[in-house]
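According to this note's numbering, the sequence shown is numbered sequentially starting from 91.
Cβ coordinates follow ideal geometry from the N, Cα and C atoms, glycine included.
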Amino acid sequence: MKNSEIVSRDLAHIWHPCTQMKDHETLPLIPVKSAKGVWLEDFDGHRYIDGISSWWVNIFGHSNDYISQKLTEQARNLEHVLLAGFTHEPAVRLAERLSRMVPGNLHRLFFADNGSSAIEVALKMSYHAHLNQGENRPLFLSLTNSYHGETLGALSVGDVELYKKTYEPILIRSIQTPVPKDRSETAAREAAKAL
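Pasting the structure below:
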């Protein structure tokens, strides 16, 4: 199979995230056949460096031998079971390990399968926590020029107009503040003054 064939088939059936389909007229898709380490390879044998780890997912490299082995072992035993009303030992083991790494009394974790869902859940948790304290706080704060994902909540607290403008009438209310120039409290207060 050649790059041109897979691209043609793709464009007939797939709507890509973070993309206006018309963009593919001038910015062609890169069809990936395989990957190893930081390298992606297309169907014509060209190689590309995956500089963003495929949306920060493959931080240990593609086709990592250790990860591949562990995924294979787990898939032979249990590929997936929902966590709504069920549990399984790997999830419990990971939750225990992560809870030892966080400060204070933050002992419970919510597992999401992608960044947008994690943002959605964080928004819901924040809103619900304040509601439980008798406070209705439907306004969210995020940083200018931020990107958090493609779901409605994630778009709401993001600040990339290209992705969000069309959906503004149905987004959650949010305001943005500039990114502080450093990690100091003074810089944070300066950024907050822009509100």
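Exercise. Can you list, in chain order, the residues of its chain whose CB lies under 6 Å from that of residue 138, leaving out five sequence neighbours each side?
Worked result: 130
Exercise. Quick one: any contact between the region 252-260 and the region 269-284, if contact means 3 or more CB pairs under 8 Å?
Worked result: no
Exercise. Less than 8 Å separating the beta-carbons of residue 244 and residue 210?
Worked result: Cβ atoms of residue 244 and residue 210: closer than 8 Å.
Problem set entry | Alpha carbon of residue 246 to alpha carbon of residue 262, nearest angstrom | Taken atom to atom, the span from the alpha-carbon of residue 246 to that of residue 262 is near 5 Å.
For this session: Taking only the alpha-carbon atoms, compute the straight-line gap between residue 196 and residue 178 and give it to the nearest angstrom.
Result: 21 Å
Exercise. In its own chain, which residues sit with a C-beta less than 7 Å from the C-beta of residue 199, not counting the 5 before and 5 after it?
Worked result: So the list reads 185, 188 and 189, once near-sequence residues are dropped.
Problem set entry | Stretch-stretch touch, CB-based, cutoff 8 Å, three pairs: the region 114-133 with the region 144-160 | yes
For this session: State the Cα-Cα distance for the pair residue 119 and residue 225, rounded to the nearest angstrom.
Result: 47 Å
Problem set entry | Span separating the alpha-carbon of residue 168 from that of residue 158 | 15 Å
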